[in-house]
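Report on the following structure.
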Amino acid sequence: MKPAAFEYIVADSVEMAVASLAQAGDAKIIAGGQSLVPMLNFRLLRPSVLVDINRIPDIAYVREDGGVIRIGALTRHHQLETSPVIARHFPVLTEAMAHVAHLAIRNRGTIGGSLSHADPAAELPMMALLLDAELRVVSASGARTVAARDFFRDALSVDLAEDEIVTEVVLPKLPNTGWGFAEVARRSGDFALAAVAVTLALSDGKIAQARIAMTGVAPTARRVTEAEMLLIGQRLDDGVDSDVIEAVRAATEPPTDLHASAEYRRHLVGVLAGRALAAAWGRA
Ligand SMILES: Cc1cc2nc3c(=O)[nH]c(=O)nc-3n(C[C@H](O)[C@H](O)[C@H](O)COP(=O)(O)OP(=O)(O)OC[C@H]3O[C@@H](n4cnc5c(N)ncnc54)[C@H](O)[C@@H]3O)c2cc1C
């Protein structure tokens, strides 16, 4: 199908984009278009106005800035995947990006679009939670910062008003950590049936800080704080305790769909958590 008719506005500044959103009421931002255009074509969305942010200068970048890395909202998935700054500070994110869709989609899709769209099986919401990201959000009436842990509300639902736009994602640096990433999808480039990302920091040879995030197994990506707490003070030379794996499984609310049952996804996410933790322990 073709989309319903809409007015098309090319914004040349963030100010113009948010002013256009505020004026129209039911307008939509178009960034990479990789999620929005299918929804328009299926007529799941019928905005009266599309505000194109692709011509706004200087909102696609990866910058080191003291203790944080700043990522512009229009940064394409492929830019993140190939960024030497990301590879140096967040190799777990470099690894995750290779699992996002296919190269053609990664060439267009953006970090701002993926986080705002919040697909329950997408990798970037999981990585934003894992890395304690903060999002800078701008509207015609001002700017605010929202932590990733407060941003994702439900499947395809985030803390973003209709006249707000994400302009930047900020990741605090995470020195001296081991990392692990494990995902199963039915075919290369498909959305994950389940995926888990982990970082571990050690002190005196034992785990001092653990972060575990997962996607594909609940309405939104999730951090698994119970399992994280259980890991503190442990060593993983003899593998991961079953109570940690069970804590991961207990934090899921997996869907049953065409691709997998809820039981399979719950089992799978525990296996993936074990693999990601073992890899992170080895690197730490
Ligand atoms: C075949 C296929 C396979 C895919 N597989 C995967 C996968 O395995 N993993 C994965 O994570 N993703 C996957 N995707 C989705 C892809 O990563 C998208 O690029 C991403 O979800 C949306 O980014 P976008 O820039 O294309 O956003 P758009 O499609 O342009 O927009 C998506 C939504 O976000 C809003 N939006 C966009 N930018 C902003 C902003 N800066 N501020 C506020 N709102 C904004 C739009 O209004 C819209 O509602 C797949 C897509 C396709 C078509």
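When the letters of the sequence shown are read in order and numbered with this note's numbering, they come out as residues 3 to 286.
Backbone N, C-alpha and C fix where the C-beta goes; we use that ideal spot for every residue, glycine too.
What you are looking at is a predicted structure, and each value in this text was computed from that prediction instead of being measured.
Give a yes or no on whether the C-beta atoms belonging to residue i and residue j are separated by under 8 Å.
| i | j | result |
| --- | --- | --- |
| leucine 132 | alanine 199 | yes |
| histidine 101 | glutamate 66 | no |
| threonine 217 | leucine 202 | no |
| arginine 277 | arginine 225 | no |
| valine 148 | isoleucine 167 | no |
| valine 87 | isoleucine 71 | yes |
| valine 172 | alanine 145 | no |
| threonine 77 | isoleucine 107 | no |
| histidine 261 | arginine 188 | yes |
| leucine 23 | aspartate 206 | no |
| phenylalanine 154 | alanine 223 | yes |
| serine 15 | isoleucine 58 | yes |
| proline 256 | aspartate 156 | no |
| isoleucine 73 | glutamate 170 | yes |
| arginine 48 | alanine 75 | no |
Tell me, please, which residues DSSP counts as bridged to residue i.
| i | result |
| --- | --- |
| aspartate 54 | Val12, Ile32 |
| leucine 274 | Paired residue(s): none; leucine 274 is not in a bridge. |
| threonine 112 | Arg78 |
| leucine 47 | Note: leucine 47 sits in no beta bridge, so no partner. |
| serine 141 | Gly144 |
| alanine 149 | Glu136 |
| valine 64 | Ile73 |
Considering only residues of the same chain and omitting the five flanking positions on each side of residue i, which have a CB-CB separation below 8 Å?
| i | result |
| --- | --- |
| glycine 69 | Pro174, Lys175 |
| valine 186 | Ala194, Leu195, Ala196, Ala197, Leu270, Leu274 |
| aspartate 245 | Leu232 |
| glycine 272 | Ile247, Glu248, Val250, Arg251 |
| leucine 46 | none |
| tyrosine 10 | Val51, Leu52, Asp54 |
| glutamine 36 | Ala103, Ile107, Arg110, Gly111, Gly115 |
| arginine 268 | Val219, Arg251, Thr254, Pro256 |
Report the option in the options whose CA atom is closest to the CA atom of residue i.
| i | options | result |
| --- | --- | --- |
| methionine 99 | Arg213, Leu260, Ala6, Pro127 | Pro127 |
| isoleucine 31 | Tyr63, Ile71, Ser116 | Ser116 |
| alanine 286 | Arg237, Asp245, Gly114 | Arg237 |
| alanine 89 | Glu166, Trp181, Gln36, Ile247 | Trp181 |
| histidine 91 | Leu158, Val64, Gly207, Asp239 | Val64 |
| valine 94 | Pro177, Phe8, Pro257 | Pro177 |
| arginine 213 | Leu76, Leu204, Asp165, Ser50 | Leu204 |
| leucine 38 | Lys4, Glu228, Leu137, Ala24 | Lys4 |
| glycine 111 | Arg48, Ala33, Pro40 | Ala33 |
| threonine 227 | Ala253, Gly207, Gln25 | Ala253 |
| serine 50 | Gly27, Ile58, Pro59, Ser118 | Gly27 |
| alanine 282 | Gly241, Leu137, Ala7 | Gly241 |
| glycine 284 | Tyr266, Ile209, Leu46, Ser85 | Ile209 |
| aspartate 121 | Met41, Arg48, Ala29, Ser190 | Met41 |
| isoleucine 234 | Gln211, Asp243, Ala215 | Gln211 |
Within a Cβ cutoff of 7 Å, which residues of the same chain sit near residue i, ignoring the five residues on either side of it in sequence?
| i | result |
| --- | --- |
| alanine 21 | Ala142 |
| alanine 123 | Phe193, Ala194, Thr217, Gly218 |
| threonine 258 | Ala264 |
| asparagine 109 | Arg78, His80 |
| glutamate 97 | Phe183 |
| serine 118 | Val160, Leu162, Val168 |
Excluding the 5 residues preceding and the 5 following residue i in the sequence, name in chain order all residues of the same chain whose CB lies nearer than 6 Å to its CB.
| i | result |
| --- | --- |
| alanine 19 | Ala13, Val53, Ile55, Ile167 |
| glycine 191 | Ala103, His104 |
Inside the stretch 154 to 233 only - beta strand (DSSP E) runs reaching at least 3 residues: Whole beta strand (DSSP E) segments, 3+ residues: 154 to 156, 167 to 174, 180 to 186, 196 to 205, 208 to 217.
What residue ranges within the stretch 66 to 100 form continuous beta strand (DSSP E) runs of no fewer than 3 residues, ordered along the chain? Runs found: 70 to 74.
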